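Position one of the sequence shown corresponds to residue 1046 (this note's numbering), numbered consecutively onward.
All C-beta atoms in this analysis are idealised placements derived from N, C-alpha and C, irrespective of residue type, glycine included.
Predicted model, so just to flag it, every value in this text is computed and none were measured.
Reviewing the structure listed below.
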Amino acid sequence: MKATGWAAAALWIKRGCVVIGAGIGAVLLWVIIGSLVIAAHYPSVSDLSSIPAASGFYGEEGEVTNDRVMLVEHNWDALIHRLRLIEGAKERIILSTFDFHDDDSGQDVMAALVAAAERGVEIQIITDGLTGLLRMGGNDHFAALDSYENVEIRLYNPLNILDVEGLHCRLHDKYLIVDGTYCLLGGRNTYNYFLGDYGSEHENFDREVLSVCTGGESET
């Protein structure tokens, strides 16, 4: 009887594994089909001849303004610029990031954002729905930041496994806009791999552009 019982249990386990495997296979097949559908409808890239010339983008020839732009190449500088911009904000902060961690640099940025919220600065944060769910859900630090009335945190395209096309629509915009004047734009997310110098085993090397757009003319 005992041997028969073990054999029956093994049979049920085997059947369960088959069912689970079939379910995983069905999900993967659904994702692959959805990917092919998206690829089939993806728009073609414009021909280079249709892109406006850079000379027409920057303004009229001979025009002199107070607007400035600089490259931010080092991770430590990238963190310092973020903290300075947030600390100097007077009216509004807009932060878009694909991934926002509760690590050293992430907490530095959050602390600066909390201080700005205490000053009454309007803060709007948007992050990807998948990474936001993983990083922010149930996290006390993000909950504390979100508790301010003048702070709004939104998730772009929250996770929905029934929406196959939506699974591929992730937010990769990474920028910080302060008071409609300062804009830090590039490829860095908000955590140690991209920001600061905390002795991490791995780090990313990226570039960003910091622009200052006052709209005024230079006196020189």
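**Item:** Same chain, Cβ closer than 7 Å to Ala1134, five either side skipped, listed in chain order
**Value:** Ala1161, Val1166, Val1223 and Asp1224
**Request:** May I have a chain-ordered list of the beta strand (DSSP E) segments no shorter than 3 residues that lie completely inside the segment 1218 to 1245?
**Result:** 1220 to 1223 and 1227 to 1231
**Asked** Which first and last residues belong to the beta strand (DSSP E) in which Ser1141 is found?
**Response** Arg1137 to Thr1142
**Request:** Compare the C-alpha of Ser1256 against each of Gly1231, Gly1244, Tyr1243 and His1217 and name the closest.
**Result:** Gly1231
**Message:** Quick check on the burial criterion: 16 or more other C-beta atoms within 10 angstroms. Buried or exposed for Thr1235?
**Reply:** buried
**Message:** I need the boundaries of the alpha helix (DSSP H) containing Ser1150, first residue and last residue.
**Reply:** Asp1149 to Glu1163
**Request:** Note down, in chain order, each residue of its chain lying with its Cβ closer than 8 Å to the Cβ of Leu1093, except the 5 sequence neighbours on either side.
**Result:** Note that Leu1093 scores a pLDDT of 39, beneath 50, so its modelled location is shaky; the value from the coordinates is reported in the next line. Here the set comprises nothing.
**C-beta atoms of Leu1229 and Asn1120 nearer than 8 Å** = no
**Request:** Leaving out five residues on either side along the sequence, give the residues of the same chain with a beta carbon under 6 Å from the beta carbon of Asp1153.
**Result:** none
**Message:** Pop quiz: Asn1237 and Asp1148 are said to be a contact at Cβ under 8 Å. What is the actual Cβ separation, rounded to whole angstroms?
**Reply:** 5 Å
**Message:** Using only the alpha-carbon positions, how far apart do Ser1141 and Ser1192 sit?
**Reply:** 19 Å
**Alpha-carbon spacing of Arg1129 relative to Thr1176, whole angstroms** = 26 Å
**Asked** What do you reckon, are the CB atoms on Thr1172 and Thr1226 nearer than 8 Å?
**Response** no
**Message:** Beta-carbon within less than 8 Å of Arg1113's beta-carbon, same chain only, minus the 5 sequence neighbours each way: which residues are those?
**Reply:** Ser1256 and Val1257
**Message:** Starting from Glu1167, trace the alpha helix (DSSP H) in both directions and tell me its first and last residue.
**Reply:** No alpha helix (DSSP H) contains Glu1167, which is instead part of the beta strand (DSSP E) from Glu1167 to Asp1173.
**Prompt:** Quick one, which of Leu1204, Met1155, Arg1137 and Glu1136 has its alpha-carbon nearest Leu1124's?
**Reply:** Met1155
**Item:** Residue span of the alpha helix (DSSP H) that contains Glu1253, given as start and end
**Value:** Note, Glu1253: premise wrong, no alpha helix (DSSP H); beta strand (DSSP E) at Glu1253 to Val1257.
**Prompt:** When DSSP builds the beta bridges, which residues end up paired with Ile1198?
**Reply:** Ile1170
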